[in-house]
Amino acid sequence: MHCPYCRSTDTRVLDSRVGDDGGSIRRRRTCPACNKRWTTVEQMQLTVLKRSGASEPFNREKAVSGVRKACKGRPVTADQLACLGQAVEDALRSGGSAEVPANEVGLAILGPLRELDEVAYLRFASVYRAFESAEDFESEIAMLRAERSAGVSHGFEAGASAPGEKQPQPTG
Numbered sequence: 001m002h003c004p005y006c007r008s009t010d011t012r013v014l015d016s017r018v019g020d021d022g023g024s025i026r027r028r029r030t031c032p033a034c035n036k037r038w039t040t041v042e043q044m045q046l047t048v049l050k051r052s053g054a055s056e057p058f059n060r061e062k063a064v065s066g067v068r069k070a071c072k073g074r075p076v077t078a079d080q081l082a083c084l085g086q087a088v089e090d091a092l093r094s095g096g097s098a099e100v101p102a103n104e105v106g107l108a109i110l111g112p113l114r115e116l117d118e119v120a121y122l123r124f125a126s127v128y129r130a131f132e133s134a135e136d137f138e139s140e141i142a143m144l145r146a147e148r149s150a151g152v153s154h155g156f157e158a159g160a161s162a163p164g165e166k167q168p169q170p171t172g
């Protein structure tokens, strides 16, 4: 690595640590030529393989922008969308591959979006899965209801309401 101060190629790593997110490495470096120090952060490049065969770097904001459209008019905050974007990126990185097909990005979005807001989930799923009729919506809604009545959890704490449900109010 070249020193950012004097451009010398003789640099040394003083210390390496795993970043707070677990997905990066922080390295403390020094240059013997000018005695300056600096920190670098290394992170695995995540590449999306498009259906056309082209590839591009994963862009969290691009993924979130599609979800933002599905959430339009819904009670979903920018912070919640940012957390969803992080969860999607974490899920893709945890797969262990530096290259992921574009359809896996969509699949990684569906789970967290379903937990966040079921209406937004249906909107996103209708585009992602190319719903063609009202029956497609009906079958997806039936599946959501069946999972809810069966008590299938998607990461909620016990007693927490599902997205869009009102928490029961104590009486008395």
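Last residue of the sequence shown: 172 in our numbering, with the numbers rising by one and none dropped.
We treat Cβ as the ideally placed atom computed from N, Cα and C, and that holds for glycine.
If you're wondering where the values come from, they're calculated on a predicted model, not measured in any experiment.
Query, Result
"Length of the line joining the Cα atoms of Pro-101 and Leu-92", "10 Å"
"CB contact flag (Thr-39, Arg-27, <8 Å)", "yes"
"Secondary structure of Ser-8, DSSP reduced to three states", "coil"
"Alpha-carbon to alpha-carbon, Gly-95 and Met-1", "29 Å"
"Option in Pro-57, Val-76, Leu-81 with minimal Cα separation from Ser-65", "Leu-81"
"Given 8 Å, three or more beta-carbon pairs between the region 57 to 76 and the region 123 to 130", "yes"
"Three-state class that DSSP yields for Arg-17 in the structure shown", "strand"
"Beta strand (DSSP E) segment containing Arg-37, residue limits", "37 to 43"
"Residues sharing a beta bridge with Leu-49, DSSP", "Ser-55, Pro-101"
"Delimiting residues of the beta strand (DSSP E) encompassing Ser-24", "24 to 30"
"Beta-carbon separation (whole angstroms), Thr-47 vs Glu-104, contact threshold 8 Å", "Not quite, the Cβ-Cβ distance comes to about 12 Å (not below 8 Å), so this is no contact."
"Rounded separation between Asp-20 and Ile-141 - CA only", "39 Å"
"Counted within 10 angstroms of its Cβ, other Cβ atoms place Leu-14 as buried (16 or more) or exposed", "exposed"
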